[in-house]
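Enquirer: Each step along the sequence shown adds one to the number in the UniProt record's numbering, with nothing skipped, and position 8 is 8.
C-beta atoms are modelled at their ideal positions from N, C-alpha and C, and glycine is treated no differently.
Here the structure is a predicted model, which means the values were calculated and not measured.
Submitted below is the structure of interest, expressed as structure tokens.
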Amino acid sequence: MNVISLLTPKTNVAWLYEDWTIRQGLEKLRFHGYTAIPVLAKDGSYVGTVSEGDFLWCLLDQGSGDIQTQEKQPLRRVIRPGFNPAVRIDVALEELVERALRQSFIPVVDDRGAFVGIVTRQNIIKRLTVLNVEQPAAHM
Numbered sequence: 001m002n003v004i005s006l007l008t009p010k011t012n013v014a015w016l017y018e019d020w021t022i023r024q025g026l027e028k029l030r031f032h033g034y035t036a037i038p039v040l041a042k043d044g045s046y047v048g049t050v051s052e053g054d055f056l057w058c059l060l061d062q063g064s065g066d067i068q069t070q071e072k073q074p075l076r077r078v079i080r081p082g083f084n085p086a087v088r089i090d091v092a093l094e095e096l097v098e099r100a101l102r103q104s105f106i107p108v109v110d111d112r113g114a115f116v117g118i119v120t121r122q123n124i125i126k127r128l129t130v131l132n133v134e135q136p137a138a139h140m
């Protein structure tokens, strides 16, 4: 088992661009039904992840839930530095599993820092379950 076998590729993942507005980010998050979503720079590099809570705190800090205000505010204002850090595609499986204990998804980047997709906690659990069913004697 390796990162590639667990990866949901970028083409199958919703993401936001850092120069979008807060309103655009909220709308896409809601449309997909996510609680958190990756944020990319225009060059495709991973910038961070924003969560529902990040949006909520931003709205509370501004003291206004006015949607017109959110049409002018850049999404980069809500990104928390260091939240949901990415791993490289060649990350050790042990580190990936360790991250999955704390993160529902792990962003994956290539050696240039370009976002290539995500590994979800759910994919790891499913894959480990399949391995245990296929090789029960090896895990005893």
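Three-state secondary structure (DSSP) at Ile-89?
Expert: To locate residue 89, count along the sequence shown from 1; it is residue 89. Note: Ile-89 maps to coil in three-state DSSP.
Enquirer: For Asn-2 versus Leu-128, is the C-beta distance shorter than 8 Å?
Expert: As a first step, residue 2 is located in the sequence shown; it is residue number 2 there, counting from the start. As a first step, residue 128 is located in the sequence shown; it is residue number 128 there, counting from the start. The answer is no: Cβ separation not under 8 Å.
Enquirer: Is the Cβ-Cβ distance between Ile-79 and Val-116 less than 8 Å?
Expert: Locating residue 79 in the sequence shown gives position 79, where the first residue counts as 1. Locating residue 116 in the sequence shown gives position 116, where the first residue counts as 1. Not in contact: Ile-79 and Val-116 (Cβ atoms no closer than 8 Å).
Enquirer: Tell me whether the beta-carbon of Arg-84 lies closer than 8 Å to the beta-carbon of Gln-70.
Expert: In the sequence shown, counting from the first residue as 1, residue 84 sits at position 84. In the sequence shown, counting from the first residue as 1, residue 70 sits at position 70. The amino acid occupying residue 84 in the given sequence is Asn; Arg does not appear at that position. In this structure, Gln-70 does not lie closer than 8 Å to Asn-84 by Cβ.
Enquirer: Is there contact here, the segment 41-49 with the segment 20-31, by at least three beta-carbon pairs under 8 Å?
Expert: They do not touch, by the three-pair rule.
Enquirer: Are Arg-76 and Val-109 close, meaning C-beta to C-beta below 8 Å?
Expert: Reading the sequence shown from its first residue, position 76 is the one you call residue 76. Reading the sequence shown from its first residue, position 109 is the one you call residue 109. Taking 8 Å as the Cβ cut-off, Arg-76 and Val-109 do not qualify as a contacting pair.
Enquirer: Less than 8 Å between the C-beta atoms of Ile-125 and Ile-106, yes or no?
Expert: Position 125 of the sequence shown, counting from 1, holds the residue named residue 125. Position 106 of the sequence shown, counting from 1, holds the residue named residue 106. No; because the gap between Cβ atoms is not below 8 Å, this pair is not in contact.
Enquirer: Can you tell me which residues form a DSSP beta bridge with Leu-16?
Expert: Your numbering for residue 16 matches position 16 in the sequence shown. According to DSSP, Leu-16 bridges with Val-39.
Enquirer: Phe-105 bridges to which residues according to DSSP?
Expert: Residue mapping note: residue 105 aligns to position 105 of the sequence shown, counting from 1. Partner(s): Thr-120.
Enquirer: Please state if the CB of Gln-73 and the CB of Thr-21 are separated by a distance shorter than 8 Å.
Expert: Taking the first residue of the sequence shown as 1, we reach residue 21 at position 21. Taking the first residue of the sequence shown as 1, we reach residue 73 at position 73. Yes, Cβ-Cβ distance for Thr-21 and Gln-73 is below 8 Å.
Enquirer: Hey, could you find the ends of the beta strand (DSSP E) Ser-45 is sitting in?
Expert: Numbered from 1 along the sequence shown, position 45 holds the residue referred to as residue 45. No beta strand (DSSP E) holds Ser-45; DSSP gives it neither H nor E.
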